[in-house]
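Count the sequence shown with this note's numbering and you get residues 5 to 126, in order.
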Amino acid sequence: MERIFLGIVGAAYFLLAGWCSIMPDKTSRAVGFTLQPGSGQSEFLTVYGGLELALGIAFLWPLYRPTEVAFPLFLCLLIHGCLVAFRTVGFVFYSGIPTTTYALAATEWIIFIGAAILFWRK
(Lines of atoms letter the chains of each structure in order from A and count residues from 1; the text may use other names and numbers.)
(Lines give C-alpha, C1' and ligand atoms only; values in the text may rest on other atoms or scores of the structure.)
Protein backbone atom coordinates (compact mmCIF):
# COMPACT_ATOMS: atom_id res chain seq x y z
CA MET A 1 0.00 0.00 0.00
CA GLU A 2 2.82 2.41 0.91
CA ARG A 3 4.59 1.82 -2.39
CA ILE A 4 1.41 2.53 -4.38
CA PHE A 5 0.79 5.73 -2.40
CA LEU A 6 4.37 6.93 -2.86
CA GLY A 7 4.24 5.96 -6.54
CA ILE A 8 1.18 8.16 -7.08
CA VAL A 9 2.74 11.06 -5.15
CA GLY A 10 6.04 10.62 -7.02
CA ALA A 11 4.29 10.59 -10.40
CA ALA A 12 2.41 13.76 -9.45
CA TYR A 13 5.70 15.48 -8.62
CA PHE A 14 7.13 14.37 -11.97
CA LEU A 15 4.13 15.98 -13.69
CA LEU A 16 4.51 19.16 -11.63
CA ALA A 17 8.23 19.32 -12.46
CA GLY A 18 7.37 19.06 -16.14
CA TRP A 19 4.60 21.66 -15.92
CA CYS A 20 6.89 24.09 -14.10
CA SER A 21 9.80 23.46 -16.47
CA ILE A 22 7.96 23.46 -19.79
CA MET A 23 5.38 26.18 -19.07
CA PRO A 24 6.92 28.32 -16.31
CA ASP A 25 5.01 31.50 -17.22
CA LYS A 26 1.62 29.76 -17.12
CA THR A 27 2.48 27.79 -13.99
CA SER A 28 3.80 30.78 -12.08
CA ARG A 29 0.78 32.92 -12.98
CA ALA A 30 -1.54 30.14 -11.80
CA VAL A 31 -0.11 30.44 -8.29
CA GLY A 32 0.33 34.21 -8.27
CA PHE A 33 3.99 34.63 -9.25
CA THR A 34 5.37 37.08 -11.74
CA LEU A 35 8.62 35.84 -13.21
CA GLN A 36 11.29 38.45 -13.75
CA PRO A 37 13.37 37.83 -16.89
CA GLY A 38 16.61 36.00 -16.27
CA SER A 39 17.02 35.59 -12.53
CA GLY A 40 13.34 35.01 -11.70
CA GLN A 41 12.93 32.54 -14.55
CA SER A 42 16.09 30.69 -13.54
CA GLU A 43 15.05 30.56 -9.88
CA PHE A 44 11.56 29.25 -10.72
CA LEU A 45 13.00 26.59 -13.05
CA THR A 46 15.54 25.52 -10.43
CA VAL A 47 13.34 25.48 -7.35
CA TYR A 48 10.05 24.39 -8.88
CA GLY A 49 11.34 22.23 -11.72
CA GLY A 50 14.44 20.81 -10.08
CA LEU A 51 13.15 20.38 -6.55
CA GLU A 52 9.88 18.81 -7.66
CA LEU A 53 11.80 16.39 -9.90
CA ALA A 54 14.00 15.42 -6.93
CA LEU A 55 10.92 14.86 -4.77
CA GLY A 56 9.39 12.72 -7.50
CA ILE A 57 12.53 10.58 -7.62
CA ALA A 58 12.61 10.24 -3.82
CA PHE A 59 8.96 9.17 -3.64
CA LEU A 60 9.33 6.74 -6.56
CA TRP A 61 12.43 5.16 -4.99
CA PRO A 62 10.50 2.27 -3.36
CA LEU A 63 9.31 1.16 -6.80
CA TYR A 64 12.96 0.36 -7.61
CA ARG A 65 13.96 -0.72 -4.11
CA PRO A 66 10.87 -2.38 -2.60
CA THR A 67 12.49 -2.88 0.81
CA GLU A 68 13.32 0.83 1.15
CA VAL A 69 9.92 2.34 1.94
CA ALA A 70 10.27 3.73 5.47
CA PHE A 71 12.50 6.72 4.72
CA PRO A 72 10.67 7.94 1.57
CA LEU A 73 7.39 7.64 3.48
CA PHE A 74 8.83 9.62 6.41
CA LEU A 75 10.19 12.19 3.95
CA CYS A 76 6.74 12.49 2.36
CA LEU A 77 5.16 13.02 5.79
CA LEU A 78 7.79 15.58 6.81
CA ILE A 79 7.65 17.60 3.59
CA HIS A 80 3.87 17.68 3.38
CA GLY A 81 3.52 18.40 7.09
CA CYS A 82 5.69 21.48 6.60
CA LEU A 83 3.81 22.48 3.45
CA VAL A 84 0.46 22.15 5.24
CA ALA A 85 1.70 24.16 8.22
CA PHE A 86 3.12 27.01 6.15
CA ARG A 87 0.19 27.01 3.70
CA THR A 88 -2.25 27.29 6.60
CA VAL A 89 -0.33 30.24 8.02
CA GLY A 90 -0.36 31.83 4.56
CA PHE A 91 -4.15 31.47 4.35
CA VAL A 92 -4.49 33.16 7.75
CA PHE A 93 -2.22 36.11 6.95
CA TYR A 94 -2.88 36.73 3.24
CA SER A 95 -5.90 37.36 1.08
CA GLY A 96 -6.58 37.29 -2.65
CA ILE A 97 -5.33 33.73 -2.99
CA PRO A 98 -6.12 32.20 -6.41
CA THR A 99 -8.17 29.02 -6.86
CA THR A 100 -5.14 27.04 -8.02
CA THR A 101 -3.52 27.62 -4.64
CA TYR A 102 -6.57 26.24 -2.83
CA ALA A 103 -6.42 23.15 -5.06
CA LEU A 104 -2.73 22.72 -4.22
CA ALA A 105 -3.51 23.13 -0.52
CA ALA A 106 -6.21 20.45 -0.66
CA THR A 107 -3.80 18.11 -2.42
CA GLU A 108 -1.11 18.80 0.17
CA TRP A 109 -3.56 18.00 2.98
CA ILE A 110 -4.62 14.75 1.29
CA ILE A 111 -0.99 13.69 0.82
CA PHE A 112 -0.11 14.68 4.39
CA ILE A 113 -3.02 12.75 5.91
CA GLY A 114 -2.35 9.74 3.68
CA ALA A 115 1.34 9.73 4.57
CA ALA A 116 0.54 10.11 8.27
CA ILE A 117 -1.87 7.18 8.27
CA LEU A 118 0.52 4.94 6.35
CA PHE A 119 3.52 5.99 8.43
CA TRP A 120 1.87 5.33 11.78
CA ARG A 121 0.37 2.05 10.58
CA LYS A 122 3.84 0.84 9.69
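Think of the CB as a built atom: it goes at the ideal place given N, C-alpha and C, for glycine as much as any other residue.
Since the model is a prediction, treat every value here as computed from it, not as a measurement.
My output table needs one value for residue i: the three-state DSSP class, helix, strand or coil.
i, result
"Leu64", "helix"
"Phe78", "helix"
"Ser25", "helix"
"Gly36", "coil"
"Thr71", "coil"
"Tyr98", "coil"
"Gly11", "helix"
"Lys126", "coil"
"Gly44", "helix"
Assuming the contact rule is C-beta atoms closer than 8 Å, residue i and residue j should be a hit. Round their C-beta distance to whole Å, please.
i, j, result
"Leu59", "Tyr17", "5 Å"
"Val133", "Thr104", "Residue coverage of the chain in this structure runs from 5 to 126, which leaves residue 133 outside it and unanswerable."
"Gly94", "Phe116", "Between Phe116 and Gly94 the Cβ distance is about 15 Å, and since that is not below 8 Å, they are no contact."
Here's a check: name, in chain order, each residue in its chain whose Cβ is nearer than 7 Å to the Cβ of residue i, leaving out the five neighbours to either side.
i, result
"Ser25", "Leu49, Gly53"
"Arg7", "Pro66, Leu67, Pro70, Val73"
"Ala120", "Leu81"
"Lys30", "none"
"Tyr91", "Here the sequence assigns Arg to residue 91, which means Tyr is not the residue at that position. Only Ala109, Glu112 meet the Cβ criterion."
Sorted by chain position, which residues of the same chain lie with C-beta nearer than 8 Å to residue i's C-beta, five sequence neighbours on each side aside?
i, result
"Phe78", "Phe123"
With a CB to CB cut of under 6 Å and the five nearest residues on each side skipped, what residues in its chain are close to residue i?
i, result
"Leu10", "Phe63, Pro66, Pro76"
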